[in-house]
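**Q** Read in order, the letters of the sequence shown are residues 74 to 343 in this note's numbering.
Where a beta carbon is used, it is the ideal one built from N, C-alpha and C, also for glycine.
Note that this is a predicted model, so its numbers are computed, not measured.
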Amino acid sequence: MITLRLGRSVVAAFFLVAAVPLFVASAFVAIYLQIWQAGVLAVLLGLVIARLGWLLFRRQRRSPDEVVVEGGAFGAAVSGPAFLTFARHSKGLWAQRGVLMVADHGGVFLPMGPSIHFLFAFLQAVFVPTLRFADVSFDVGGTSPDAMADAARRHRGFVVGPDWTWNPRGRSLHREDLDGIVALERAPDAGRMDVFRQARPMTEAELRRKVVVASLMGVAASGTLLGIGVAGSAWTGNSEILVGFASFAGLVAVAFTIAVVAIRFGEGGP
74 MITLRLGRSV
84 VAAFFLVAAV
94 PLFVASAFVA
104 IYLQIWQAGV
114 LAVLLGLVIA
124 RLGWLLFRRQ
134 RRSPDEVVVE
144 GGAFGAAVSG
154 PAFLTFARHS
164 KGLWAQRGVL
174 MVADHGGVFL
184 PMGPSIHFLF
194 AFLQAVFVPT
204 LRFADVSFDV
214 GGTSPDAMAD
224 AARRHRGFVV
234 GPDWTWNPRG
244 RSLHREDLDG
254 IVALERAPDA
264 GRMDVFRQAR
274 PMTEAELRRK
284 VVVASLMGVA
294 ASGTLLGIGV
304 AGSAWTGNSE
314 ILVGFASFAG
324 LVAVAFTIAV
334 VAIRFGEGGP
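#1: By Cβ distance below 7 Å, which residues in the same chain neighbour I314 in space, the five residues on each side in sequence not counted?
#2: Is W308 helix, strand or coil by DSSP?
#3: Going residue by residue through the stretch 209 to 246, where are the continuous alpha helix (DSSP H) segments of at least 4 residues, counting only ones entirely within it?
#4: Should Q271 be labelled buried (16 or more other beta-carbon atoms within 10 Å of its own) or exposed?
#5: Give me, in chain order, the residues of the same chain whose beta-carbon lies closer than 6 Å to that of W167; leave out the 5 immediate sequence neighbours on both sides.
#6: Is V181 near G230, with beta carbons less than 8 Å apart?
#7: Around the Cβ of S245, are there at least 16 other Cβ atoms within 10 angstroms (buried) or fewer (exposed)?
#8: Helix, strand or coil for A176 per DSSP?
#9: Assuming V292 and L173 make a contact with CB atoms under 8 Å, what is their CB distance in whole Å?
#10: Between the C-alpha atoms of P261 and T238, what's the straight-line distance to the nearest angstrom?
#11: Which value, in whole angstroms, describes the spacing of the CA atoms of R273 and A222?
#12: Just grab the DSSP bridge partners of K164 for me.
#13: Rounded to a whole number of angstroms, what is the C-alpha to C-alpha distance between D219 and V213?
#14: I think A258 touches A160, with their Cβ atoms under 8 Å apart; what is that distance to the nearest whole Å?
#15: For I314, name the three-state secondary structure that DSSP assigns.
#16: On the three-state DSSP scale, how would you describe F147?
#17: For my contact list, K164 and D252 are in at a C-beta cut-off of 8 Å; report their separation, rounded to the angstrom.
#18: Keeping to the same chain, check which residues put their C-beta closer than 8 Å to that of A225; ignore five residues upstream and five downstream.
#19: Enumerate in chain order the residues of its own chain whose CB-to-CB distance from A92 is below 7 Å, with the five nearest sequence positions on each side excluded.
#20: Is the beta carbon of G171 less than 8 Å from the beta carbon of G234?
#21: Would you tell me roughly how many angstroms separate the C-alpha atoms of A335 and W127, rounded to the nearest one?
#22: Measure the CB-CB distance between A326 and S295 and report whether it falls below 8 Å.
#23: Out of L192, E279, P241, F88, point me to the one whose CA is closest to R265's CA.
#24: Please name the residue in V113, V90, K283 whose C-alpha comes closest to that of G243.
#25: Tell me the DSSP bridge mates of V181?
#26: Locate the beta strand (DSSP E) running through A256, then write down its first and last residues.
#27: Round the Cβ separation of V102 and I108 to the nearest angstrom and send it over; I've been treating them as touching at under 8 Å.
#28: Please report the Cβ distance between L125 and F88, rounded to the nearest whole angstrom; I am assuming they are in contact, meaning their Cβ atoms lie under 8 Å.
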């Protein structure tokens, strides 16, 4: 059994230190002042506190034979017979978060949840903070090709074989555009990805086309949001609608600008 520890115990404990007093205060206000909103907040905080407490209790009782991969809030990696990292599989208009394990003969991608539309995934990544406290456990059974194929079948994942291409600058794996792209959250150890084909350097024309496409997507997304704001404001006569959508469009524009800069200097170099 391989367990990826998504959040450190100290982070969860620090969160509890802040959540418990807020829970007590909300419960006091709900009971003595009879404010139902405070009661709802107290119930939600109580569920969160109970969940984190149960996770911390399970960590203390974990089997010593279990391989635990320590990681911060945004990734995990381990050296040794296998490399593990959180990853994102994108295919067409859909994206899926999961775990990538790479061994000497190839790798396997194991999903952590269902696929979601890329637009929702983008908005979630930009505007929704991710705090991963729950651990994720996979019964891989070994690092041999047969064991990884069996793990892929049981966990509804797929094998990432030597016919996939590794792009170190983009920190991603792909296979002739047939199976999408697997983007890694953490960089692997030196030489770990030699089992895969190595990507050729991107030409200046390809890089320029990639930058243009990303820029057009940013302009289209920002313009659409701004247009909705203008139409909504004109229809209702409420200027706050325009301000809200304009702010949203500005944030999207900033996010796409960062993406374009990352593509330009990440793929092509300075």
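**A** According to the structure data:
#1: So the list reads G302, G305, S306, once near-sequence residues are dropped.
#2: In this structure, W308 counts as helix in the three-state DSSP scheme.
#3: For secondary structure counted as the alpha helix (DSSP H) over 4 or more consecutive residues, the stretch 209 to 246 holds these complete runs in sequence order: 218 to 227.
#4: exposed
#5: S188
#6: yes
#7: buried
#8: Taken through DSSP and simplified to helix, strand or coil, A176 comes out as strand.
#9: The Cβ separation is near 33 Å, so there is no contact.
#10: 14 Å
#11: 28 Å
#12: Answer by DSSP bridge pairing, in chain order: W167.
#13: 10 Å
#14: Checking the sequence shown, residue 258 turns out to be Glu, not Ala. With 8 Å as the limit, E258 and A160 qualify as a contact, their Cβ atoms being about 6 Å apart.
#15: helix
#16: For F147, the predicted model reports a pLDDT of 37, less than 50, meaning its position is unreliable and no value from the coordinates is stated.
#17: Indeed, because the Cβ distance is near 7 Å, the residues count as touching under 8 Å.
#18: V181, F182, L183, F231, V232
#19: L118, V121, I122
#20: no
#21: 40 Å
#22: At a Cβ-Cβ threshold of 8 Å, A326 and S295 count as neighbours.
#23: P241
#24: K283
#25: M174, V232
#26: 254 to 257
#27: 6 Å
#28: 7 Å
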